[in-house]
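Notes follow the structure.
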Amino acid sequence: MGPGLIVPPIFTPIPSAIHPCHVEADVLTAAWAETYRIGSDELRGRLVSQAIGTFSARILPEGREEVVSLLADFILWLFGVDDGHCEEGELGRRPGELAGELHRLLRIAQNPEVPMLGDDPLAAGLRDLRLRVDRYGTPGQAARWVDALREYFFSVVWESGHRSAGTVPDLNDYTLMRIYDGATTVVLPMLEMGHGYELQPHERDRTAVRAATEMASFIITWDNDIFSYHKEKKEKSATGYYLNVLRVLEQHEGMTPEQALDVAISQRDRVMCLYMRLTEALAEQGSPQLRQYLRTLGSFIRGAQDWGVSSVRYTTPDDPASMPAHFRDTPVDDSEEPLGIPAVSWWWNLLAPGGDAHATLPVHRTA
Ligand code: 3E9
Ligand code: MG
Ligand code: MG
Ligand code: MG
Ligand code: MG
Ligand code: MG
């Protein structure tokens, strides 16, 4: 495909870290994928080479080893759905049928004992994941995991509507879709399980905390769009379709790929600056559980960056992507002005006088 787009060093203020079990995590996840026969033989062969255990070890650098392994298997499973069904499979162009299949899988996640999808590898893998979620999480965390799967599934059905029609959503719709279809929210309950605590609803559901979580999803998925652009554009010749923020900006704003890359970097830099200010304010007021949650959210962002520039999933050695060799410690764009994206521009109100980031919390429980 030629030299393609040159991705410059990206701003990150979050330090790099990795769990010492990362090598074993890669081995265990490859074995799990074989045991459950996740994806076609061809897809599975690719997935087990992509250092997904290492990715998980970066998300939970100080977490419980069993949960590093659980999260790795779950991410591999998610790619079994996202690559196997949605982006490369037949169902990805049939939103109605995709919705049906994803609902059936959701039933397995909720009630692993139901006699459904008896010979479906993704269902078998999901049964195992649910049993381990029950082992390492609380009933509330298991329920939120199922709910988060539903919101992820809902968004990939929306995405498949665009894929089947060959259309590209506008920036506002894309932003809203991407908060969910990057599968970031399904990972959140496992961030808690990794450290054996439960974030209480009065903190988790507070507007400013939800906003911080959404900002993390934005940063992770914008970074993914930047790092996966080479892979995704290449895949277009096989699948006929691809979608990321660069394509949205090219299509709707008439930008060249280089201009779209600059704008996407500027957008994620501005959200990263806001995220840092907001999470600092929240950590000052929050419980020990909230502070742990925010630290792990940071590891999720940084882990996705470190993995994104290094995994063969994105570097594609046969036709190498031009990835940055390091990250930068200052933003290209440090503007405190809201992005002109209505679905998320309210994030910038939280730190303004009277915004939710300054609200006094009710008395903390110290469980
Ligand atoms: C990401 O979007 C799709 C998810 C299913 C990836 C699984 C990863 C996670 C749950 C952690 C979040 C990490 C990210 C978003 C890298 P997309 O663009 O289809 O991913 P791709 O790898 O194909 O670029
Ligand atoms: Mg490794
Ligand atoms: Mg996808
Ligand atoms: Mg993809
Ligand atoms: Mg039916
Ligand atoms: Mg991508």
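Counting along the sequence shown from 1, when you hit position 275 you're at 275 in my numbering, and nothing is skipped either side.
The beta-carbon is built from N, C-alpha and C at its ideal position, and this holds for glycine as well.
query	result
Those runs of the alpha helix (DSSP H) which lie wholly inside the stretch 220 to 282 and span at least 4 residues	229 to 239, 245 to 253
Three-state secondary structure assigned by DSSP to R37	coil
Proximity winner among V146, G118, E90, relative to R130 (alpha-carbon distances)	V146
Three-state class that DSSP yields for S311 in the structure shown	coil
E97 beta carbon near ligand 3 (any heavy atom closer than 7 angstroms)	no
Cα-Cα separation between S40 and G182, rounded to whole angstroms	22 angstroms
Rounded straight-line distance, which links the Cα of A30 to that of R135	21 angstroms
Alpha carbon of A238 to alpha carbon of S164, nearest angstrom	15 angstroms
Ligand 6 site residues, beta-carbon cut 6 angstroms against heavy atoms	N224, D225, S228, E232, N244
Nearest-angstrom Cβ-Cβ length linking A216 and T184, presumed shorter than 8 angstroms	7 angstroms
Heavy atom of ligand 4 within 7 angstroms of E253 beta-carbon	no
V393 versus L149 - alpha carbon distance	Since the first and last residues shown for the chain are 1 and 367, residue 393 lies out of range.
Three-way DSSP call (helix, strand, coil) for I6 in this model	strand
Residue environment, M177, which counts as buried when at least 16 other CB atoms sit within 10 Å	buried
Contact check, L60 vs T279, beta carbons under 8 angstroms	no
Span of the alpha helix (DSSP H), counted from its first residue to its last, around T54	52 to 59
Proximity of R58 and I18 at Cβ, strictly below 8 angstroms	yes
Distance cut-off 7 angstroms: E87 Cβ against heavy atoms of ligand 4	yes
Collapsed DSSP secondary structure at Y293 in the structure displayed	helix
Own chain residues within Cβ distance below 7 angstroms of T12, not counting five before or after	R302, Q305, F327
For F327, three-class secondary structure by DSSP	coil
Whether K234 touches T316 by CB criterion (8 angstroms)	yes
Length of the line joining the Cα atoms of E337 and G355	15 angstroms
Bridge partner(s) assigned by DSSP for F11	R328
One or two residues paired with S322 in a DSSP bridge	I6
Q110 to G4 span [Cα, whole Å]	44 angstroms
H369 to R93 span [Cα, whole Å]	What the structure shows of the chain is the stretch from 1 to 367, and residue 369 is not part of that stretch, so it cannot be assessed.
Contact test: I75 Cβ vs ligand 1 heavy atom, cutoff 7 angstroms	yes
Check: D82 C-beta below 7 angstroms from any heavy atom of ligand 4	yes
Cβ distance (whole Å) where W77 is taken to contact I14 below 8 angstroms	Rounded, the Cβ-Cβ distance is 26 angstroms, inconsistent with contact.
Local conformation of G354 per DSSP, three classes	coil
Three or more C-beta pairs below 8 angstroms linking the stretch 99 to 110 and the stretch 150 to 157	yes
Neighbour-count burial assignment, H358, 16 or more Cβ in a 10 Å radius	exposed
Candidates G53, T54, G89, of which the one nearest S160 by Cα	G89
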